[in-house]
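A.B. asks: Per this note's numbering: the sequence shown = residues 25 to 425. All C-beta atoms in this analysis are idealised placements derived from N, C-alpha and C, irrespective of residue type, glycine included.
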Amino acid sequence: MHHGKKTVTLLWLLGVCLLPPECHGNQYDPHLFPATGPFCEGWYMRLVDSTQRVSIGFLFGQVLPASCSLVPMSSQGGPRNGKCSSFQHHTEQGREGERPLVVTGVLVQDSNSSHPLRAFQTAVPLHDYSVTVRGGPVVHNPDDRSPPDFAARFGENGSVVVRGDNTTVDVRVGPVSLWLQAVDPVPWGPGGEGPEGWLEHLPLPIHWFVYSLRSTVTAYKMTDTVSGRTVSGHGARLHMEKNWGQSFPPGWVWSQGVTDANVTWAVSGGIVDFDVLNVTAFLAGYRNPARNISFNFTPANSLVTFTHDGCQGVVNMTLTALNYRLVVKTMAPLATFSQCLLGPEKDGFRPVCVESYNAVVYLKAYRRHGFHFVLVDQVNIHQAALEFGGLYVCKHKCSGV
Ligand SMILES: *[C@@H]1O[C@H](CO)[C@@H](O)[C@H](O)[C@H]1NC(C)=O
Ligand SMILES: *[C@@H]1O[C@H](CO)[C@@H](O)[C@H](O)[C@H]1NC(C)=O
Ligand SMILES: *[C@@H]1O[C@H](CO)[C@@H](O)[C@H](O)[C@H]1NC(C)=O
Ligand SMILES: *[C@@H]1O[C@H](CO)[C@@H](O)[C@H](O)[C@H]1NC(C)=O
Ligand SMILES: *[C@@H]1O[C@H](CO)[C@@H](O)[C@H](O)[C@H]1NC(C)=O
Ligand SMILES: *[C@@H]1O[C@H](CO)[C@@H](O)[C@H](O)[C@H]1NC(C)=O
Ligand SMILES: *[C@@H]1O[C@H](CO)[C@@H](O)[C@H](O)[C@H]1NC(C)=O
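Right, dumping it as structure tokens:
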């Protein structure tokens, strides 16, 4: 019932854009918000500590709703819109509710396959949220060349600072405190380009950029004042990414993982809504340094077959480029999925997706030899993330809230 099978190419959509312009780049810095919404921007980091078998996510972002307009920033780079401080809507129960415009979240999961991912997400008052670049307001989009240098602050509840190769998170979200320091980001591509490569210059409804596949977490500490639990450690790995655009798509999957041997895998895709038509498209990257493998998949270089079943916690994909192929099966125990998590929609944050950090990715990599694809690598990635969003969530249970 919730299965879908698609063979996908976007080549025909891209038309004359097929000659890649000169572009690489670091898109991790904040993007410029347009004068009127809808627009959203959000950052997501996920720590994996395989020694203690714990994984911790941290996310934050802002939505400029369709009905709101931007108020010019102060020169200190303070709040970025003041025209609407909250957005009223009616919940399913008919009560008046609020769709928050700025949200922070911490997601936590141990390796026990009967424990769901626990999510703490809170709204941040707009006037307490600020994003600065090189200490000042955001007046340009990231320039593709400079290393990131930005800070996001959540009033009394902490901040995130990404500067050069250093990342520091020091935040409180509801009952949870999270502190971490990470260094040595490993970029998606050699020029700092992300999964979209030159496609990022197309007017896609939503963009995905991976800044680091596996930064080294020099130290971290998470305290949950409700359970009294504290987790801390050294040498965990941190995946770092962001999204920006109009809103999350109608349906999507996202998955990400890293092994102790530095194998990394990340994929994002689903229904892309171009107003006049919907297409199904994926961006993905697989790295295995020990085997000198670095496979990228975009709609411009590959065909994808894709089946998903959110009610079974399973995604199967075959991604085929000219000279290489991946066959990927991803499964997470149903009991490990979170409740519906908040994500950016056109009118603010609302519950949109479920996630597990206890997925296993079964991955086989092939290279073309003449007319055949030959198996060159086979890896299972444990403690991987798997997310179902929008229409891909079991029984659409996160939609329409
Ligand atoms: C997993 O959690 C359940 C319930 O909290 C507990 O009964 C079980 O012993 C745990 N399993 C392991 C392997 O720790
Ligand atoms: C990153 O951190 C290291 C060690 O803490 C420090 O020496 C260096 O100056 C920092 N770099 C930046 C760009 O902040
Ligand atoms: C900080 O967190 C506390 C506890 O969750 C909350 O009551 C307060 O509103 C938050 N302040 C900001 C600026 O988000
Ligand atoms: C993984 O990469 C890190 C640095 O990025 C390196 O220090 C470490 O030795 C690598 N581990 C393996 C098993 O190759
Ligand atoms: C694209 O998909 C969304 C969600 O299912 C739907 O609301 C929209 O009408 C579709 N657009 C087209 C052109 O089919
Ligand atoms: C690794 O792969 C790259 C690109 O495919 C190739 O240029 C390079 O020669 C390879 N290195 C080794 C050691 O095989
Ligand atoms: C995924 O593939 C497995 C075989 O490896 C199959 O049993 C399962 O039904 C598939 N699931 C979906 C949702 O396609």
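With a cut-off of 8 Å on the beta carbons, I'd call ILE80 and MET246 a contact; round off their distance for me.
C.D. replies: Against the sequence shown, residue 80 aligns to sequence position 56. Against the sequence shown, residue 246 aligns to sequence position 222. Yes, they are in contact, since the Cβ atoms of ILE80 and MET246 sit about 6 Å apart, within 8 Å.
A.B. asks: Per the contact definition of three or more C-beta pairs closer than 8 Å, is the region 405–422 in contact with the region 68–79?
C.D. replies: Counting Cβ pairs under 8 Å, three or more are found: they touch.
A.B. asks: Whole angstroms is fine: what's the gap from ARG349's alpha carbon to PRO357's?
C.D. replies: Taking the sequence shown and counting its residues from 1, the one referred to as residue 349 is at position 325. Taking the sequence shown and counting its residues from 1, the one referred to as residue 357 is at position 333. C-alpha separation (whole angstroms): 27 Å.
A.B. asks: Given the structure, does GLU180 come close to ligand 3, in the sense that its CB is under 7 Å from one of the ligand's heavy atoms?
C.D. replies: Stepping through the sequence shown from its first residue, residue 180 is reached at position 156. Flag set: Cβ of GLU180 near ligand 3.
A.B. asks: Is the beta carbon of SER279 sitting closer than 8 Å to the one on VAL376?
C.D. replies: Here the question's residue 279 lines up with position 255 in the sequence shown. Here the question's residue 376 lines up with position 352 in the sequence shown. Contact: no.
A.B. asks: DSSP on LYS419, reduced to helix/strand/coil?
C.D. replies: Here residue 419 corresponds to residue number 395 of the sequence shown, with the count starting at 1. LYS419: helix per DSSP, three-state reduction.
A.B. asks: Compute the Euclidean distance between the alpha carbons of LEU226 and ALA59, then round it to the nearest angstrom.
C.D. replies: Your numbering for residue 226 matches position 202 in the sequence shown. Your numbering for residue 59 matches position 35 in the sequence shown. If I take the Cα positions, the gap works out to 20 Å.
A.B. asks: Enumerate in chain order the residues of its own chain whose CB-to-CB distance from GLY334 is below 7 Å, with the five nearest sequence positions on each side excluded.
C.D. replies: Residue mapping note: residue 334 aligns to position 310 of the sequence shown, counting from 1. Here the set comprises HIS26, PHE412, TYR416, VAL417 and CYS418.
A.B. asks: Which runs of the alpha helix (DSSP H) fall wholly inside the region 284–369 and span at least 4 residues, in chain order?
C.D. replies: If we require 4 residues or more, the region 284–369 turns out to have no alpha helix (DSSP H) run fully inside it.
A.B. asks: Any chance the region 185–200 sits against the region 137–149, with 3 or more Cβ pairs inside 8 Å?
C.D. replies: The region 185–200 is in contact with the region 137–149.
A.B. asks: If I measure Cβ to Cβ from HIS263 and keep anything under 6 Å in the same chain, skipping five residues before and after, which residues do I get?
C.D. replies: Locating residue 263 in the sequence shown gives position 239, counting from the first residue. If we look at HIS263 and ignore the five residues flanking it on each side, its Cβ neighbours are ARG70 and GLN280.
A.B. asks: Closest to PRO214 by CA distance: which of GLY414, SER318 and ALA305 is it?
C.D. replies: As a first step, residue 214 must be located in the sequence shown, where it is residue number 190. The residue with the shortest Cα to Cα distance from PRO214 is SER318.
A.B. asks: Tell me, to the nearest whole angstrom, how far the beta carbon of VAL296 is from that of LEU223; I am working on the premise that it is less than 8 Å.
C.D. replies: For the purposes of this step, residue 296 is taken as residue 272 along the sequence shown, with counting starting at 1. For the purposes of this step, residue 223 is taken as residue 199 along the sequence shown, with counting starting at 1. Not confirmed; about 11 Å, so no contact.
A.B. asks: Leaving out the 5 sequence neighbours to the left and right, which residues in its chain are closer than 7 Å to PRO140 when beta-carbon positions are compared?
C.D. replies: As a working mapping, residue 140 is identified with position 116 in the sequence shown. Here the set comprises ALA359, THR360, PHE361 and SER362.
A.B. asks: For VAL339 versus VAL282, is the C-beta distance shorter than 8 Å?
C.D. replies: The residue given as residue 339 occupies position 315 in the sequence shown. The residue given as residue 282 occupies position 258 in the sequence shown. Going by C-beta atoms, VAL339 is not nearer than 8 Å to VAL282.
A.B. asks: For ligand 4, I want to know if ALA9 counts as a neighbour, meaning its beta carbon is within less than 7 Å of at least one of the ligand's heavy atoms.
C.D. replies: Outside the modelled stretch of the chain, which goes from 25 to 425, sits residue 9, for which no answer is possible.
A.B. asks: Could you check whether the region 202–221 touches the region 314–331, counting it as contact only if at least three pairs of C-beta atoms, one from each stretch, sit closer than 8 Å?
C.D. replies: As far as the Cβ criterion goes, the region 202–221 touches the region 314–331, which means the pair count is three or higher.
A.B. asks: Return yes when the C-beta of ASN316 is under 7 Å from any heavy atom of ligand 6, and no when it is not.
C.D. replies: In the sequence shown, residue 316 corresponds to position 292, counting from 1. Yes, Cβ of ASN316 sits closer than 7 Å to a heavy atom of ligand 6.
A.B. asks: Closer than 7 Å to a non-hydrogen atom of ligand 4 - does that hold for the CB of VAL234?
C.D. replies: Within the sequence shown, residue 234 is the residue found at index 210, counting from 1. Not so, every heavy atom of ligand 4 lies at least 7 Å from the Cβ.
A.B. asks: Quick check on SER138: buried or exposed, where buried means 16 or more other Cβ atoms within 10 Å of its Cβ?
C.D. replies: For the purposes of this step, residue 138 is identified with residue 114 of the sequence shown, where counting begins at 1. Looking at its Cβ environment, which holds fewer than 16 other Cβ atoms inside 10 Å, SER138 is exposed.
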